[in-house]
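Here is the structure we will look at, set down as structure tokens.
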Amino acid sequence: MQTTQEGLKREVGVWGLSANIVNIMVGAGIFVLPAIIAETMGASGVLAYLFCGLLIGLIMLCFAEAGSKVTHSGGAYAYVETAFGAYPGFLVSIFYMMAGVFSDAAVSNALVEILGLISPVFKNPIARVITLFLFFSGLATLNVIGVKQGIGLVKITTVGKLIPLLLLISLGWKDVQWINLHWESTPTIQQLGQTSLILFFAFMGGDAALIIGGEIKNPQKTIPRAIFIGISSVLIIYIMIQLVSQGVLGDELPNFKEAPLAEAGKLILARSDIPWFSSGQQFLCLGCLAVRSSIIQE
Numbered sequence: 499m500q501t502t503q504e505g506l507k508r509e510v511g512v513w514g515l516s517a518n519i520v521n522i523m524v525g526a527g528i529f530v531l532p533a534i535i536a537e538t539m540g541a542s543g544v545l546a547y548l549f550c551g552l553l554i555g556l557i558m559l560c561f562a563e564a565g566s567k568v569t570h571s572g573g574a575y576a577y578v579e580t581a582f583g584a585y586p587g588f589l590v591s592i593f594y595m596m597a598g599v600f601s602d603a604a605v606s607n608a609l610v611e612i613l614g615l616i617s618p619v620f621k622n623p624i625a626r627v628i629t630l631f632l633f634f635s636g637l638a639t640l641n642v643i644g645v646k647q648g649i650g651l652v653k654i655t656t657v658g659k660l661i662p663l664l665l666l667i668s669l670g671w672k673d674v675q676w677i678n679l680h681w682e683s684t685p686t687i688q689q690l691g692q693t694s695l696i697l698f699f700a701f702m703g704g705d706a707a708l709i710i711g712g713e714i715k716n717p718q719k720t721i722p723r724a725i726f727i728g729i730s731s732v733l734i735i736y737i738m739i740q741l742v743s744q745g746v747l748g749d750e751l752p753n754f755k756e757a758p759l760a761e762a763g764k765l766i767l768a769r770s771d772i773p774w775f776s777s778g779q780q781f782l783c784l785g786c787l788a789v790r791s792s793i794i795q796e
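Read left to right, the sequence shown gives residues 499 to 796 (this note's numbering).
Next up, the structure:
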């Protein structure tokens, strides 16, 4: 196995890196954003997804080029350090670390909150601390063991996160009322801009997957391919989720800002013959448990 000057093994291939990109980008936002988008743009909200997908694609093209030339670990701060020197790279790394600490703290707290919905035990402060300690200790241990094991967990959690969303799409498509997808009017540029600013959050984070640059096989080819697969997959999933949510709930979608997918899932599962779940809330909690589990980043 080829190693870098950092002593790291290059074991992350196209599908591993693609899974990492998808795992980071598909976060908690998509579980609530459909209602917010529908409130502003109605059925035409799909245009905002296409616009944001185009913008994030252009941004990630820059990362694809930089990641193909700067092949050691570090991601954005490694690129800045290479281009502008040690001090600018140091500043970027500090900002990256602070953002990671705060975002991981928020996401892990949300994870325990979701567990509290499943079992009251997790609402106990001591149980919360123990749960978070075991969670982060397990991820740290896995990273110490090796990147191969770490990226394996990324693939598993990515599949675990996408299964509820893909089931929602596949089961819900038959319940879509096409009249609910009819555009009442063409959105203005102002509406598109305002909605895109909110939606852009759901497309953030793909660059963080490139932090493990020193462990990527053949980065000149792997990084561009993985970015294309990852961004395309996320865009398609987001658009399909919006279409199914809008098609099932129609004008009622903006009324469920706290959990629009749970409400859509409840209606879809009530009309299906699946006996395993009694409500969409329980169904979608499985997906929420996997949200942003990619904090195993090196």
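Ideal Cβ placement from N, Cα and C applies to all residues, glycine included. Values in this document were obtained by computation on a predicted structure and should not be read as measured data.
Those residues which DSSP pairs with residue i across a bridge
i: Val-510; result: Ile-714
Own chain partners of residue i with C-beta closer than 7 angstroms, once the 5 adjacent residues on each side are dropped
i: Gly-565; result: Leu-708, Gly-711, Pro-717, Ile-721
i: Gly-511; result: Lys-715, Thr-720
i: Ile-528; result: Ala-700, Tyr-736, Ile-739
i: Ser-743; result: Pro-532, Leu-751, Pro-758, Leu-759, Ala-762
i: Phe-620; result: Val-610, Leu-613, Gly-614, Arg-626, Thr-629
i: Leu-664; result: none
Same chain, Cβ closer than 6 angstroms to residue i, neighbours up to 5 away in sequence not counted
i: Ser-542; result: Trp-681, Pro-685
i: Gly-555; result: Ile-729
i: Met-702; result: none
i: Ser-591; result: Tyr-575
i: Ala-562; result: Ile-721, Pro-722, Ile-725
i: Lys-755; result: Ala-533
i: Leu-462; result: No statement about residue 462 is possible, as the shown extent of the chain runs from 499 to 796 and does not include it.
i: Ser-601; result: none
i: Gly-551; result: Leu-733
DSSP-derived helix/strand/coil call for residue i
i: Pro-752; result: helix
i: Met-558; result: helix
i: Val-568; result: coil
i: Gly-573; result: coil
i: Trp-676; result: helix
i: Glu-563; result: helix
i: Ala-517; result: helix
i: Ile-534; result: helix
i: Pro-685; result: coil
i: Met-702; result: coil
i: Ile-643; result: helix
i: Ala-724; result: helix
i: Ala-584; result: helix
i: Val-524; result: coil
i: Asn-607; result: helix
i: Ala-757; result: coil
i: Met-617; result: Residue identity differs from the one stated: residue 617 is Ser in this sequence, not Met. Three-state result, Ser-617: coil.
i: Trp-774; result: For Trp-774, the predicted structure reports a pLDDT of 48, less than 50, and the residue's modelled location is therefore unreliable. A value from the coordinates is still provided. In this structure, Trp-774 counts as coil in the three-state DSSP scheme.
When the options are compared against residue i, the one with the closest alpha-carbon
i: Leu-545; options: Phe-620, Leu-759, Gln-740, Leu-660; result: Gln-740
i: Ala-700; options: Val-524, Lys-507, Gly-583, Leu-515; result: Val-524
i: Thr-868; options: Leu-506, Glu-509, Asn-518, Lys-507; result: With the chain covering only 499 through 796, there is no way to say anything about residue 868.
i: Arg-723; options: Gly-573, Leu-515, Ala-597; result: Leu-515
i: Arg-626; options: Leu-609, Val-642, Leu-637, Ser-635; result: Leu-609
i: Ala-536; options: Phe-726, Leu-751, Lys-659, Trp-671; result: Leu-751
i: Ala-706; options: Phe-582, Pro-532, Ser-571; result: Ser-571
i: Leu-553; options: Asn-521, Leu-697, Val-520, Lys-755; result: Leu-697
i: Ile-534; options: Asp-749, Asn-641, Val-520; result: Asp-749
i: Asp-673; options: Phe-582, Gly-763, Leu-559; result: Gly-763
i: Arg-508; options: Val-619, Leu-679, Val-599, Glu-713; result: Glu-713
i: Ile-727; options: Phe-600, Leu-506, Ile-616, Leu-559; result: Leu-559
i: Phe-631; options: Lys-653, Ala-603, Asn-521; result: Ala-603
i: Leu-765; options: Asn-753, Leu-666, Ile-687; result: Leu-666
i: Tyr-594; options: Leu-548, Gly-573, Ile-643; result: Gly-573
Cβ neighbours of residue i in the same chain (closer than 8 angstroms, five flanking residues each side left out)
i: Met-539; result: Leu-545, Ala-546, Pro-685, Gln-689, Leu-690, Thr-693
i: Val-568; result: Ala-576, Tyr-577, Thr-580, Gly-711
i: Trp-676; result: Gly-745
i: Pro-586; result: Val-578, Glu-579
i: Ser-731; result: Ser-516, Val-520
Beta carbon proximity, residue i to chain D, threshold 7 angstroms
i: Leu-663; result: The structure shown contains no chain D; it holds only a single protein chain.
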